[in-house]
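Shown next, in structure tokens, is the structure this report addresses.
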Amino acid sequence: MSLIVRRIGPACTIQDQGREGYLDQGLSRSGAADLRALYEGAALLRRKPDLAALEMAGMGGEFEALSPVRIALTGAPMQASIDGSPVAWNASHALAKGQRLSIGAVLRGGYGYLHLGGGIATEPFLGSRSAHLAARVGRAVAAGDTLVPGPDKGEAGMKIAAEDRFGGGTLRVVASFQTALFDAETLARFEATEFRRGPRANRMGMQLDSDGPGFSAKGQLNILSEVISPGDIQMTGTGNPFILLPECQTTGGYPRIATVLPCDLPRAAQTPPGGAVRFQFVSLDEAVSLHAAWLKDLARLSSRVEPLVRDPHDIPDLLSYQLISGVVSATD
Amino acid sequence: MTRFDPFPLIRSVGLDGMLVTFADTMTEQSNRAALAFRGALHEAGWEGVVESSTSLASAYLRFDPLRLSHAEVQARLAALLAERDWYAAPLPSGRKLWRVPTVYGTDLAPQLEDAAMAAGLDVGEAIRRLGKSRVRVLTIGFAPGQPYLGPLAPEFDIPRLQQLTPMVPEGALVCAIRQLIVFAGPTPTGWRHIGQTAFRCFRPGMEPTFALNPGDEMMFEPIERAELDHIRAHNEDGTGGATVEEIAA
Chain A
1 MSLIVRRIGP ACTIQDQGRE GYLDQGLSRS GAADLRALYE GAALLRRKPD
51 LAALEMAGMG GEFEALSPVR IALTGAPMQA SIDGSPVAWN ASHALAKGQR
101 LSIGAVLRGG YGYLHLGGGI ATEPFLGSRS AHLAARVGRA VAAGDTLVPG
151 PDKGEAGMKI AAEDRFGGGT LRVVASFQTA LFDAETLARF EATEFRRGPR
201 ANRMGMQLDS DGPGFSAKGQ LNILSEVISP GDIQMTGTGN PFILLPECQT
251 TGGYPRIATV LPCDLPRAAQ TPPGGAVRFQ FVSLDEAVSL HAAWLKDLAR
301 LSSRVEPLVR DPHDIPDLLS YQLISGVVSA TD
Chain B
1 MTRFDPFPLI RSVGLDGMLV TFADTMTEQS NRAALAFRGA LHEAGWEGVV
51 ESSTSLASAY LRFDPLRLSH AEVQARLAAL LAERDWYAAP LPSGRKLWRV
101 PTVYGTDLAP QLEDAAMAAG LDVGEAIRRL GKSRVRVLTI GFAPGQPYLG
151 PLAPEFDIPR LQQLTPMVPE GALVCAIRQL IVFAGPTPTG WRHIGQTAFR
201 CFRPGMEPTF ALNPGDEMMF EPIERAELDH IRAHNEDGTG GATVEEIAA
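Structure, rendered in structure tokens:
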């Protein structure tokens, strides 16, 4: 049971929910940029959400099944086909031995995910399979690699109603310990400004641009390096915000104006180049309620899964299906 | 007139963190307080706490806000702070002293002369003083396992370089602002490259993965280049010839 990588984009890595507990050693959590996509994949495959998947930044690849395998496709929609026939995104599919899965460029958003039925069973490092390229943990998946799933059985051909989070939008933030370094006028302007995602973005962070003056803190250059949380919005020397993502550093000297809530981090990470983003402050109490609601929603995703009913018009090559026997074998 | 001193200061960090800050500058005392307080947090073992860490002058706590409310964490931190004078608290037990063989200067560490001059010392005296300095792991960060060490004596309060050095190798010993760093991997830096070790701070695939812990102490003892070559040829465990001993509590 495995999938061999024939071609692949330059920024595809194996990701799960990341590794916690190494902040004091300077190692940030890493993990999927869009955590929701991991949960959606798990729901489609009826597996636990702690399995590892292939995270594809911007561009997918071509994969050949060396044996039958279930897959699911979630996150930023990408063009996908099996042996040349387009297949649905936000859905699970069965790949028969020898079939080729092609995943093209992202259509909206930034990060697409390819899940295997048993998860991608690489050797965990410090309790997680997540690559953390900024910390030199793991590496990008390359052509010729084999993705070996863990043990698996179950159905395929399911779809999930995914939340659209691929075009930017409003990100809810809480004040953090350095928010008070910014004066009231700057904070009000920050909340009123529409930002655009800049060209500099990777798993460490995402730059935002805006018209008008930047957003500087008082005494910006004389701040002692302090702890960083993923989701922190850091103001660089030029007053341009960066949203810090799973491979951020663990401490930093640039002041952070606010922190994006975990429930809105998938939307933040999936903002495409040029996409518009606004920030909205919520109280800490409200943030905790939103967080609880988010976790509850993730736990209930399996109720949004339903069979992928095929319209014959959507099947471009009807003759390739064994319509007589009524069975498309997944094993021969 | 006395200035209002807000420290120690408890503040929230994002959705799920609290920070206890002991000063707005790194001093021996504020770092000691942060390490001791974090040690106490660790020992307290509160349910719902996910992890803790220290930065130069703060202790950080991350918790599950659905199991432990912010008000509850704040109250517990305030109570723990009131228990003692953390600026005078002993450092946590279980700390180690590392003695790391180091080549000072030569073409391996070409900015020693420059650093000595900035410190107002001749090269021989700089090596003598650095070689017997015992520094503490103030915090770990920037790269996995990478220690910020100090404080050095006041003469080593030398500024960072304006121009970044494009690349120094793993194990480089660099100096600025009364601190040392042993680099965990090749990196550009504005700190002066004064020594070279074969000490690996981050050892993926080995046990332990991280060589150091905050509060550990280090000495960088001068050796000749030939000795480092010999150490490098037999450095499977990544210790770079360092010896380690427990620091008595």
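If you read the protein sequences in the order shown, they are chains A and B.
For the first sequence, the tail end lands on 332 under UniProt numbering, and the numbers increase by one without skipping.
For the second sequence, the tail end lands on 249 under UniProt numbering, and the numbers increase by one without skipping.
C-beta: ideal position from N, C-alpha, C; glycine also.
Here the structure is a predicted model, which is why all the values come from computation and not from measurement.
When you compare only the Cα positions, how much space is there between residue i and residue j?
| i | j | result |
| --- | --- | --- |
| Asp-216(B) | Leu-35(B) | 10 angstroms |
| Phe-22(B) | Asn-31(B) | 8 angstroms |
| Pro-199(A) | Ser-30(A) | 21 angstroms |
| Gly-275(A) | Ala-143(B) | 31 angstroms |
| Gln-99(A) | Ala-65(A) | 6 angstroms |
| Cys-201(B) | Gly-17(B) | 27 angstroms |
| Gly-94(B) | Asp-50(A) | 34 angstroms |
| Pro-230(A) | Pro-246(A) | 6 angstroms |
| Ala-156(A) | Asp-83(A) | 17 angstroms |
| residue 333(A) | Leu-66(B) | Residue 333(A) lies beyond the stretch modelled for chain A, which goes from 1 to 332, so this question has no answer here. |
| Leu-308(A) | Pro-151(A) | 24 angstroms |
| Ser-67(A) | Ala-299(A) | 31 angstroms |
| Thr-271(A) | Glu-43(B) | 42 angstroms |
| Phe-63(A) | Arg-304(A) | 28 angstroms |
| Gly-150(B) | Gly-168(A) | 44 angstroms |
| Ile-177(B) | Leu-244(A) | 27 angstroms |
| Arg-84(B) | Leu-41(B) | 13 angstroms |
| His-193(B) | Pro-266(A) | 41 angstroms |
| Trp-86(B) | Gly-39(B) | 11 angstroms |
| Pro-186(B) | Leu-133(A) | 14 angstroms |
| Gly-171(B) | Asp-209(A) | 38 angstroms |
| Tyr-321(A) | Asp-264(A) | In this prediction, Tyr-321(A) has a pLDDT of 48, which is less than 50 and means its spatial position is unreliable; what the coordinates show is noted afterwards. Distance between the alpha carbons of Tyr-321(A) and Asp-264(A): 42 angstroms. |
| Thr-269(A) | Leu-295(A) | According to the sequence as given, residue 269(A) is Ala; it is not Thr. Spanning the two alpha carbons is a distance of roughly 18 angstroms. |
| Asp-24(B) | His-115(A) | 46 angstroms |
| Glu-224(B) | Gly-131(B) | 13 angstroms |
| Val-103(B) | Pro-208(B) | 25 angstroms |
What does a CB cutoff of less than 8 angstroms around residue i pick up in its chain, not counting 5 residues either side in sequence?
| i | result |
| --- | --- |
| Lys-48(A) | Ala-42 |
| Ile-324(A) | For Ile-324(A), the predicted structure reports a pLDDT of 44, less than 50, and the residue's modelled location is therefore unreliable. The matter cannot be settled from this model. |
| Gln-162(B) | Gly-190 |
| Val-137(B) | Pro-147, Tyr-148, Leu-149, Leu-212, Asn-213, Pro-214, Gly-215, Asp-216, Glu-217, Met-218 |
| Gly-120(B) | Glu-155 |
Check for me: the beta strand (DSSP E) holding residue i runs from which residue to which?
| i | result |
| --- | --- |
| His-93(A) | 91-95 |
| Glu-286(A) | Glu-286(A) -> not in any beta strand (DSSP E); alpha helix (DSSP H) instead, spanning 284-299. |
| Leu-9(B) | 9-13 |
Suppose the cutoff is 7 angstroms on Cβ atoms and the five residues either side in sequence are ignored; what does the same chain contact list for residue i look like?
| i | result |
| --- | --- |
| Ile-8(A) | Gly-61, Val-141, Ala-142, Ala-143 |
| Val-123(B) | Gly-105, Leu-112, Glu-113, Ala-116 |
| Gly-238(B) | Arg-200, Arg-203, Met-206 |
| Arg-134(B) | Glu-217, Met-219 |
| Leu-284(A) | Val-174 |
| Gly-326(A) | Confidence in Gly-326(A) is poor, its pLDDT being 40 and thus under 50, which makes the residue's placement unreliable; the coordinate value appears in the next sentence. Taken in chain order, the list of residues that qualify is empty. |
| Asp-77(B) | Note on residue identity: the sequence assigns Leu, not Asp, to residue 77(B). Excluding sequence neighbours, Leu-77(B) sits near Ile-10, Met-18, Val-20. |
| Ile-140(B) | Gln-146, Pro-147, Leu-212, Pro-214 |
By alpha-carbon positions, which one of the options ends up nearest to residue i?
| i | options | result |
| --- | --- | --- |
| Glu-191(A) | Arg-70(A), Phe-281(A), Glu-306(A), Ala-33(A) | Phe-281(A) |
| Met-56(A) | Arg-46(A), Ala-33(A), Gly-198(A) | Ala-33(A) |
| Arg-256(A) | Arg-267(A), Ala-287(A), Gly-205(A) | Gly-205(A) |
| Asn-240(A) | Thr-250(A), Ser-216(A), Leu-224(A) | Ser-216(A) |
| Arg-36(A) | Leu-208(A), Gly-219(A), Asp-16(A), Val-309(A) | Asp-16(A) |
| Leu-187(A) | Pro-262(A), Ile-223(A), Ile-233(A) | Ile-233(A) |
| Ala-52(A) | Ala-201(A), Glu-123(A), Ser-92(A), Lys-97(A) | Glu-123(A) |
| residue 337(A) | Phe-242(A), Ala-175(A), Val-227(A) | Nothing about residue 337(A) can be reported from this structure: the residues present for chain A run from 1 to 332 only. |
| Ala-96(A) | Ala-121(A), Gly-109(A), Gln-249(A), Val-69(A) | Val-69(A) |
| Val-168(B) | Leu-130(B), Thr-25(B), Val-182(B) | Val-182(B) |
| Ser-53(B) | Thr-250(A), Ser-128(A), Ser-2(A) | Thr-250(A) |
| Ala-249(B) | His-230(B), Arg-160(B), Lys-96(B) | Lys-96(B) |
| Leu-38(A) | Ser-85(A), Gly-109(A), Gly-119(A), Pro-86(A) | Gly-119(A) |
| Met-235(A) | Gly-127(A), Arg-267(A), Phe-182(A) | Phe-182(A) |
| Ser-28(A) | Val-277(A), Ser-128(A), Ala-180(A) | Ser-128(A) |
Specify, as a first and last residue, the run of the alpha helix (DSSP H) that residue i falls within.
| i | result |
| --- | --- |
| Gly-39(B) | 28-44 |
| Val-73(B) | 70-82 |
| Leu-149(B) | Note, Leu-149(B): premise wrong, no alpha helix (DSSP H); beta strand (DSSP E) at 147-150. |
| Glu-227(B) | 225-233 |
| Pro-266(A) | 265-269 |
Can you give me the Cβ contacts of residue i inside the same chain, cut-off strictly under 6 angstroms, excluding the 5 residues immediately before and after it?
| i | result |
| --- | --- |
| Leu-9(B) | Thr-21 |
| Met-59(A) | Gly-9, Ala-105 |
| Thr-13(A) | Glu-55, Ala-131, Ala-140 |
Quiz item: Can you list the beta strand (DSSP E) stretches of 3 or more residues lying completely in the region 5-76 of chain A, in chain order?
Solution: 12-15, 53-57, 61-65, 69-75
Practice problem: Could you tell me which uninterrupted alpha helix (DSSP H) segments, each at least 4 residues in length, are contained entirely in the region 117-142 of chain B, listed from first to last along the chain? | Solution: Taken in chain order, the complete alpha helix (DSSP H) segments of 4 or more residues contained in the region 117-142 of chain B are 123-131.
Quiz item: Considering only residues of the region 185-225 of chain A, which uninterrupted beta strand (DSSP E) runs meet the minimum length of 3 residues and lie entirely inside it, listed in chain order?
Solution: 195-201, 205-209
Exercise. Return the residues of the region 10-34 of chain A that lie within a Cβ-Cβ distance of less than 7 angstroms from chain D, sorted by chain order.
Key: Included in the structure are the protein chains A and B, with no chain D among them.
Exercise. Give, in chain order, every unbroken run of the beta strand (DSSP E) that is at least 3 residues long and sits entirely within the region 106-151 of chain A.
Key: 111-116
Exercise. Tell me the start and end of each unbroken beta strand (DSSP E) in the region 161-196 of chain B that is at least 3 residues and wholly inside, in chain order.
Key: 165-168, 172-176, 179-182, 187-189, 192-196
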